[in-house]
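Asks: Okay, handing you the structure first.
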Amino acid sequence: MPGSIRGEVGDPLAPVVTRKTATLLNCPSCGSLQVAQVLGDNGGISYVCTTCGHSWS
Ligand SMILES: [Zn+2]
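For the sequence shown, full-length UniProt numbering assigns the number 1 to the initial residue and increments by one for each residue that follows.
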């Protein structure tokens, strides 16, 4: 469901970055490649595993 990822990011340019990043990263907790890149509160970049919900930066 691509709509769920776009809804979390909320930026029309972000889905491209998210899709590219998802192929380069894997979750350090469960090893899944289903990783979304999101903006943190301080403007930094964080990553969220869409499989287990683990987040890191
Ligand atoms: Zn995970």
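No residue lacks a Cβ here, since even glycine has one placed at the ideal position from N, Cα and C.
All figures in this text were calculated on a predicted structure; none of them were measured in a lab.
1) Have a look at C49, S55 and W56 and flag the residue whose alpha-carbon is nearest the alpha-carbon of Q34.
2) Whose CA, out of C30, S57 and S32, lies closest to the CA of N42?
3) For C30, does the three-state DSSP call read helix, strand or coil?
4) Apart from the five residues on each side of it in sequence, which residues of its chain come closer than 6 Å, Cβ to Cβ, to H54?
5) Mind checking whether the beta-carbon of S32 lies closer than 8 Å to any heavy atom of ligand 1?
Replies: With the structure as the only source:
1) C49
2) S57
3) When DSSP states are grouped into helix, strand and coil, C30 belongs to the coil group.
4) Correct list, in chain order: C27 and S29.
5) yes
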